[in-house]
Amino acid sequence: MIENFGGNVARLRKEMGLSQTEFAEKIGVQKQTISNIERGIRYPTFESLEKFATVFHATPIQLFGSPKEIAVSETTVILDRIDEYDQKVQNLFTLAKILNSHTVKEIDEVAEKLAFIERFFTPQMRLDEDGNPILDRHGKPEMKPVFFDNLPFEEIEKTAKDLAFIQEAQQNK
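In terms of the UniProt record's numbering, the sequence shown has 68 at position 68, counting the first letter as 1, and numbering is strictly consecutive.
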């Protein structure tokens, strides 16, 4: 395992885009020490080993493992990522099936309705007569109040009760 250390340090250092001198400065040793470690002539102290792991954000396998061991350790990460993207791909296929089962006109109508609903619940920028955003004194766009927040819920509830009363009265005739 220790025989893999020097080559792994060189690989990790290069992956980070660091020269031997830059890396040596980061861990507080001489450039020659890094060179000797990478060539397998010298091995790190326990103190510097911790610094190597910290700078590289490396696991023990990444520092001491053989290329096969490193590949195997990274396999689970790769498989997890595949699972994550598999669900996203499945969602895209589902969306494609839905879109293919409707006409362009139907999809446009749904998009317009969704845009209306979004405007109903999200603040919109105030625009001048030319369609440019109106800015406040801090240079931020002024926002219109959310339409939903301005609905007269008490009046709507009273009207609904009145309509229910009228409907009930008509049924009891």
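All C-beta atoms in this analysis are idealised placements derived from N, C-alpha and C, irrespective of residue type, glycine included.
Since the model is a prediction, treat every value here as computed from it, not as a measurement.
Cβ atoms of Phe-52 and Ile-27 come within 8 Å of each other, at about 6 Å. In this structure, Arg-11 is the residue among Arg-11, Gln-30, Asn-91 with its C-alpha nearest to the C-alpha of Ile-70. DSSP places Leu-12 within a helical segment (H, G or I) once states are collapsed to three. Counting C-beta pairs with one atom in each stretch, the stretch 126 to 133 and the stretch 95 to 102 have fewer than three that are closer than 8 Å, which means they do not touch. Listed in chain order, the alpha helix (DSSP H) runs fully inside the stretch 123 to 159 amount to none, counting runs of at least 4 residues. By the CB criterion at 8 Å, Pro-141 and Ile-134 fall inside the cutoff. A distance below 8 Å separates the beta carbons of Lys-31 and Ala-24.
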